[in-house]
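Participant: Chains U and W, in that order, are what the protein sequence lines are. Be aware that the first sequence starts at 1, since it is given in UniProt numbering, and climbs by one per residue. Be aware that the second sequence starts at 1, since it is given in UniProt numbering, and climbs by one per residue.
Number of protein chains: 2
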Amino acid sequence: MKQSAAESKSQRIARVLEAEIRSGTLTDGAALSSENALVERFAVSRTTVRKGLGILAAKGLIRTKVGIGSFVTYGGAVIDSGSGWSLSLADGRARLGTRILRIARLPMDLDDPAPQGEMLAVDRIRFREETGQGLTLERARVPWRDDYEAVLSEGLNGGSLSRTLAARGLSPATGEEWANVLCALPAGDAALMGRRAGEPMLRLRRLTRDGHGGLFEYVESVLDPEVFGLHMEF
Amino acid sequence: MKQSAAESKSQRIARVLEAEIRSGTLTDGAALSSENALVERFAVSRTTVRKGLGILAAKGLIRTKVGIGSFVTYGGAVIDSGSGWSLSLADGRARLGTRILRIARLPMDLDDPAPQGEMLAVDRIRFREETGQGLTLERARVPWRDDYEAVLSEGLNGGSLSRTLAARGLSPATGEEWANVLCALPAGDAALMGRRAGEPMLRLRRLTRDGHGGLFEYVESVLDPEVFGLHMEF
DNA sequence: AAGACAAACCTGTCTAGACCTGTCTACCAT
DNA sequence: ATGGTAGACAGGTCTAGACAGGTTTGTCTT
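#1: Output needed for ARG102 of chain W: all residues of its chain with C-beta closer than 8 Å, excluding positions within five of it in sequence on either side, in chain order.
#2: Do you know how far the Cα of THR98 of chain W is from the Cα of ILE55 of chain W?
#3: Name the residue from W:VAL39, W:THR164, W:LEU223 whose alpha carbon lies nearest to the alpha carbon of GLU149 of chain W.
#4: With a threshold of 8 Å on Cβ separation, who are the neighbours of GLN11 of chain U within its own chain once the five nearest residues in sequence on each side are excluded?
#5: At a Cβ threshold of 9 Å, is SER162 of chain W touching chain U?
#6: Spatial neighbours of ASP112 of chain U within its chain, please: CB distance less than 8 Å, with the 5 preceding and 5 following residues excluded, ordered by chain position.
#7: Check the Cβ-Cβ distances between residue 235 of chain W and every residue of chain U, and say whether any is below 9 Å.
#8: 9 Å is my cut-off, CB to CB: does HIS231 of chain W come that close to chain U?
#9: Could you tell me whether any Cβ in chain W is nearer than 9 Å to the Cβ of MET193 of chain U?
#10: Kindly indicate which three-state DSSP category LYS59 of chain W falls into: helix, strand or coil?
#11: Is it buried or exposed for ILE79 of chain W, if we count other Cβ within 10 angstroms and need 16 for buried?
#12: So is residue 240 of chain U buried or exposed if we call it buried at 16+ other beta carbons inside 10 Å?
#13: When the Cβ atoms of the region 186 to 195 of chain U are set against those of the region 132 to 150 of chain W, are three or more pairs found closer than 8 Å?
#14: Note down, in chain order, every chain W residue with its Cβ under 9 Å from the Cβ of residue 238 of chain U.
#15: Hey, is PHE127 of chain U's beta-carbon within less than 9 Å of any beta-carbon in chain W?
#16: Whose CA, out of U:PHE234, U:LEU223, U:VAL16, U:ALA173, lies closest to the CA of GLY214 of chain U?
#17: Run the CB neighbour count on ILE62 of chain W, radius 10 Å, all protein chains shown included, and call it buried at 16 or more, exposed below.
#18: The alpha helix (DSSP H) with GLY188 of chain U in it runs from where to where?
#19: From the DSSP output, which residues share a beta bridge with SER221 of chain U?
#20: For a test of the three-state rule: what should DSSP assign to ASP112 of chain U, helix, strand or coil?
#21: Which chain W residues sit within Cβ distance under 8 Å of LEU120 of chain U?
#22: Run down chain U in chain order and give the residues with a C-beta less than 8 Å from the C-beta of LEU202 of chain W.
#23: Whole angstroms are fine: how far does the CA of VAL181 of chain U sit from the CA of ARG105 of chain U?
#24: Name the DSSP beta bridge partners of LEU182 of chain U, please?
#25: Name the chain W residues that come within less than 9 Å of PRO107 of chain U, Cβ to Cβ?
#26: If we call anything under 9 Å between Cβ atoms a contact, is GLU177 of chain W one with GLU176 of chain U?
#27: Between the UniProt domain "HTH gntR-type" (7 to 75) of chain W and chain U, which residues of the former have a C-beta closer than 9 Å to a C-beta of the latter?
#28: Quick one, which of U:ALA190, U:LEU17, U:THR73, U:ALA37 has its alpha-carbon nearest PHE127 of chain U's?
#29: According to DSSP, is THR48 of chain U helix, strand or coil?
#30: So, SER70 of chain U versus LEU96 of chain U, is the Cβ gap smaller than 9 Å?
#31: Can you tell me where the alpha helix (DSSP H) holding LEU17 of chain U begins and where it ends?
#32: Below 8 Å on the Cβ atoms is my contact criterion, and I expect ALA179 of chain W with LEU230 of chain W to pass it. Report the Cβ-Cβ distance as a whole number of Å.
#33: Between PHE228 of chain U and chain W, is the shortest Cβ-Cβ distance under 9 Å, so that the two count as touching?
#34: Quick one: is GLU130 of chain U near chain W, going by C-beta distance under 9 Å?
#35: For SER153 of chain W, count neighbouring C-beta atoms within 10 Å of its own C-beta (all shown protein chains included) and say buried if the count is 16 or more, exposed if not.
#36: Comparing alpha-carbon positions, which option in W:VAL49, W:GLN116, W:SER34 lies nearest ILE68 of chain W?
Spelled out as structure tokens, the structure:
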């Protein structure tokens, strides 16, 4: 077999496996085949397979444990504790696009956690690419720090606020998450999402704290109930 | 065998048992099943079971005596599990009454798990005592066994199906749970609950399996979204 | 009724082997 | 120098046993 010039074998392996993960063939939490099985499947050496898996691990798509194997960690938007909810797409294959509504510095504007002064606010919508209809509306608030100035101008690392914070060495120590039914979508949110007001929606609120109990991040999400659900294994 | 997270089998066993201890299913001083029984239940080797028990012992949750068995030594407050989600009453203290709609032997009548033949069915409503309005509607299905005959005539142990099963030495090895928004309460369920049809509701589905992957229990619940939510700490 | 004994449990400990990832080295090709 | 191959080795995880010794219980004997 001829090797396409631009892509090494390990990159190809990573690409094929990533496609299987993102397409849902390999679902969240599922075990990948063992390295030796992948050696068989791709007819390459184990070194090459491991390089490919390394690429996926660096992207955060899989995690591997000695003596056990590699596991898909994509889509578990929550924690890696293995014992939490993960948000799941109930509706098989919906292609999601993302649009950032704003990244701004402003006083706390959400009701729930005690007012905390200036915040870094990130509002984001995810929408169905075919129709443009908004499927999720997420409002994240993080206590302002001066080194967030760069975020305002340069945006987020990989579109993810948690990744942006992690890149600054910030990660939460504890947290809570609530899920409930929002019986009627408010008109303002409906307009932003391109939906009808009054629809029932799935609502998630997530509050994380740093080691000293201070607010780390607060996220409020409204999700299309036809597409999103929560899933847990135990 | 499919493993659900990047977690070793012994860790999973420890986690499941810890949840049972902390949730009060296994109370202080109670004996755990013997190691060989746990081998059966989780379908793993005794070495692995012992590793799991070792984790619990290291946490001080159990103590084991030669020739006798392992015992729960967790005396502390039996608050909620800490791992996984717990159903929480959003609406402070609503006094709940319980009404069993039926306990019956019948062929599988719910859509979700593959049809399994005869089932023990328990349908139950929880309602607000002040108003009589139904807050939850739960349908539980368990594959029929002949020794359930007594359940049909004598009812459940303490009103709980899981407790009834546990009393017969039956407990699940693994399970999954889904939560989503039921956009419109069907008319039939609405009549049972004394609610208006078409209301949005919170819907939970829970499927547990025995160690060999066979169906253990399936429960479908519909919950008042004003009163119930999901909560998780991590 | 009291004691001895055996069977059936239980945990503690050990082994051999299968299969897994992590790491290393030596070598080849472009 | 880079990317791939092939193999060896260490160590983690799990299985399937065997064996020793503690505990309980029922039964048989005295």
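Just so it is clear, CB atoms sit at the ideal spot from N, CA and C, and this is done for glycine as well.
Facilitator: Taking the structure as given:
#1: Against the second sequence, residue 102 of chain W aligns to sequence position 102. For ARG102 of chain W, where only same-chain residues beyond five positions count, the Cβ hits under 8 Å are ALA121, VAL122, ASP123.
#2: As a working mapping, residue 55 of chain W is identified with position 55 in the second sequence. As a working mapping, residue 98 of chain W is identified with position 98 in the second sequence. So the alpha carbons of these two residues sit roughly 38 Å apart.
#3: Start at 1 with the first residue of the second sequence, and residue 149 of chain W comes out as number 149. Answer by Cα proximity: W:THR164.
#4: As a first step, residue 11 of chain U must be located in the first sequence, where it is residue number 11. Once the five neighbours on either side are set aside, the close Cβ partners of GLN11 of chain U are GLY52, ILE55.
#5: Here residue 162 of chain W refers to the residue found at position 162 of the second sequence. Judged by the 9 Å Cβ criterion, SER162 of chain W is not in contact with chain U.
#6: Counting from 1 along the first sequence, the entry for residue 112 of chain U is found at position 112. The answer, listed in chain order, is ARG205, LEU207, TYR218, GLU220.
#7: Nothing can be reported for residue 235 of chain W: it is not among the residues displayed for chain W, which extend from 1 to 234.
#8: Translated into the one-based positions of the second sequence, residue 231 of chain W becomes position 231. For HIS231 of chain W, the answer is yes, since a Cβ of chain U falls inside 9 Å of its Cβ.
#9: For this step, residue 193 of chain U is matched to residue 193 along the first sequence. It does not; no Cβ of chain W falls within 9 Å.
#10: Residue mapping note: residue 59 of chain W aligns to position 59 of the second sequence, counting from 1. In the structure shown, LYS59 of chain W sits in coil (DSSP, three-state: anything other than H, G, I, E or B).
#11: Along the second sequence, read from residue 1 onward, the residue named residue 79 of chain W stands at position 79. In this prediction, ILE79 of chain W has a pLDDT of 43, which is less than 50 and means its spatial position is unreliable; what the coordinates show is noted afterwards. Classification for ILE79 of chain W: exposed.
#12: There is no way to answer for residue 240 of chain U, as the model of chain U reaches only from 1 to 234.
#13: no
#14: What is shown of chain U runs 1 to 234, which leaves residue 238 of chain U out entirely.
#15: Here the question's residue 127 of chain U lines up with position 127 in the first sequence. Chain W, which has no Cβ nearer than 9 Å to the Cβ of PHE127 of chain U, makes this no.
#16: By one-based count along the first sequence, residue 214 of chain U stands at place 214. Checked all of U:PHE234, U:LEU223, U:VAL16, U:ALA173; the closest Cα to GLY214 of chain U is U:ALA173.
#17: Counted from its first residue, the second sequence places residue 62 of chain W at position 62. So ILE62 of chain W counts as buried.
#18: The residue labelled residue 188 of chain U in the question sits at position 188 within the first sequence. GLY188 of chain U -> alpha helix (DSSP H) spans 187 to 193.
#19: Residue 221 of chain U sits at position 221 when you count from the first residue of the first sequence. DSSP lists U:GLU138, U:LEU204 as partners of SER221 of chain U.
#20: Residue numbering aside, residue 112 of chain U sits at position 112 when the first sequence is read from its first letter. Three-state result, ASP112 of chain U: coil.
#21: As a first step, residue 120 of chain U is located in the first sequence; it is residue number 120 there, counting from the start. Here the premise fails: no neighbours, minimum Cβ distance about 23 Å.
#22: Reading the second sequence from its first residue, position 202 is the one you call residue 202 of chain W. In chain order: ASN180, VAL181.
#23: Translated into the one-based positions of the first sequence, residue 105 of chain U becomes position 105. Translated into the one-based positions of the first sequence, residue 181 of chain U becomes position 181. Approximately 29 Å, taken between the alpha carbons.
#24: Counting from 1 along the first sequence, the entry for residue 182 of chain U is found at position 182. Beta-bridge pairing links LEU182 of chain U to U:MET201.
#25: Here residue 107 of chain U refers to the residue found at position 107 of the first sequence. Simply none; closest approach about 27 Å.
#26: Residue numbering aside, residue 177 of chain W sits at position 177 when the second sequence is read from its first letter. Residue numbering aside, residue 176 of chain U sits at position 176 when the first sequence is read from its first letter. Their beta carbons are not under 9 Å apart, which means GLU177 of chain W does not touch GLU176 of chain U by this criterion.
#27: GLU7, SER8, LYS9, GLN11, ARG12, ARG15, VAL16, ALA19
#28: In the first sequence, residue 127 of chain U corresponds to position 127, counting from 1. For PHE127 of chain U, the nearest C-alpha among the options comes from U:ALA190.
#29: In the first sequence, residue 48 of chain U corresponds to position 48, counting from 1. In this structure, THR48 of chain U counts as helix in the three-state DSSP scheme.
#30: As a first step, residue 70 of chain U is located in the first sequence; it is residue number 70 there, counting from the start. As a first step, residue 96 of chain U is located in the first sequence; it is residue number 96 there, counting from the start. No. Outside cutoff.
#31: By 1-based counting over the first sequence, the position of residue 17 of chain U is 17. Where LEU17 of chain U is concerned, the enclosing alpha helix (DSSP H) stretches over 9 to 23.
#32: In the second sequence, residue 179 of chain W corresponds to position 179, counting from 1. In the second sequence, residue 230 of chain W corresponds to position 230, counting from 1. Yes, they are in contact, since the Cβ atoms of ALA179 of chain W and LEU230 of chain W sit about 6 Å apart, within 8 Å.
#33: As a working mapping, residue 228 of chain U is identified with position 228 in the first sequence. It does; some Cβ of chain W falls within 9 Å.
#34: Mapped onto the first sequence, residue 130 of chain U falls at position 130. Chain W contact via Cβ: absent.
#35: Looking up residue 153 of chain W in the second sequence gives position 153. With fewer than 16 other Cβ atoms within 10 Å, it is exposed.
#36: Residue mapping note: residue 68 of chain W aligns to position 68 of the second sequence, counting from 1. Selected option, being the one with the closest Cα: W:SER34.
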